[in-house]
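Enquirer:
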Amino acid sequence: MSRVPEAKDFTPIFDCQLQVRVSDLNYGNHVGNDRILGYLHEARVLWLASHELSEIDVGGCGTIMAASALDYKSQAMLGQSLTVELGIGAVSGSRFTLLYRISQTDSGATVALGATDMSCFDYQRQRPVRIPSSLATLLVPDTRE
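Counting from 902, one number per residue, gives the positions in the sequence shown under this note's numbering.
#1: Can you give me the start and stop residues for the alpha helix (DSSP H) that Ile937 sits inside?
#2: Please report the distance separating the alpha-carbon of Phe1022 from that of Pro1029.
#3: So, with DSSP's three-state summary, where would you put Asp1007?
#4: With distance defined between alpha-carbon atoms, name the residue in Gln1005, Glu956 and Met1019 nearest to Leu983.
#5: Give the straight-line distance between the Cα atoms of Leu1039 and Asn934, rounded to the nearest whole angstrom.
#6: Looking at the strands, I want to know which residues DSSP matches up with Thr1017.
#7: Which of the three DSSP states is assigned to Met902 in this structure?
#8: Please classify Tyr1024: is it buried, with 16 or more other beta-carbons within 10 angstroms of its beta-carbon, or exposed?
#9: For Lys974, collect the residues of the same chain with a Cβ closer than 8 Å to its Cβ; drop the 5 residues on either side in sequence, then sort them by chain order.
#10: Can you give me the Cβ contacts of Asn927 inside the same chain, cut-off strictly under 7 Å, excluding the 5 residues immediately before and after it?
#11: Could you tell me the distance, in whole angstroms, from the CA atom of Ser1034 to the CA atom of Ser993?
#12: Rounding to the nearest angstrom, what Cα-Cα distance links Gln920 and Leu947 in this structure?
#13: Among all the DSSP beta bridges, which residues are the ones paired with Ser982?
#14: In this structure, does DSSP put Ser975 in helix, strand or coil?
#15: Given a cut-off of 8 Å, decide if Ser1020 and Ser995 are closer than it, judged by their beta-carbon atoms.
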């Protein structure tokens, strides 16, 4: 059930560099699968912050993850610099999909491809809400900064 885009179809709108730490490693001496999802989270938070937004306030509501998918392509090792790219997938109502590619900064080799389905969420009322305009402008191609 791969919903993750192939690298050739991926159009990034944001990227950041992360360093593999010893705490990211698993028993195989490479980055653990749980840490890969954490790298996507880090990129998402940095992308929102670059637009003066946060996961708890994207314009009057927060965001919540509804689903995630990862395809692992190669290992990442201690000390490597990784580039995490973020792009936009489907957008509808209260939901949007973020797409990711993690690659080795030096070689460009793809480490993982990922997707997260996000919903805008009113945490006080405990229900999904429509995407606010402050976030919608970042998600729609012809209105992105």
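Virtual Cβ for every residue (Gly too), placed ideally from N, Cα, C.
This structure is a prediction, so every number in the text was calculated from the model and none was measured.
Expert: If we stick to the structure as given:
#1: Asn934 to Ala950 is the extent of the alpha helix (DSSP H) around Ile937.
#2: Approximately 4 Å between the Cα atoms of the pair.
#3: Note: Asp1007 maps to coil in three-state DSSP.
#4: Leu983 has its Cα closest to that of Gln1005, out of Gln1005, Glu956 and Met1019.
#5: A direct Cα-to-Cα measurement between Leu1039 and Asn934 gives close to 28 Å.
#6: Ser969 and Leu999.
#7: In this predicted model, Met902 has a pLDDT of only 46, less than 50, meaning its place in the structure is not dependable enough to derive any value.
#8: Flag for Tyr1024 reads exposed.
#9: Ala1010, Thr1011, Val1012, Ala1013 and Leu1014.
#10: Counting only Cβ-Cβ distances below 7 Å, and skipping sequence neighbours, we find Gly933.
#11: Spanning the two alpha carbons is a distance of roughly 13 Å.
#12: Going from the Cα of Gln920 to the Cα of Leu947 covers about 15 Å.
#13: Paired residues: Gln920.
#14: Annotated three-state conformation of Ser975 is coil, per DSSP.
#15: Yes; because the gap between Cβ atoms is below 8 Å, this pair is in contact.
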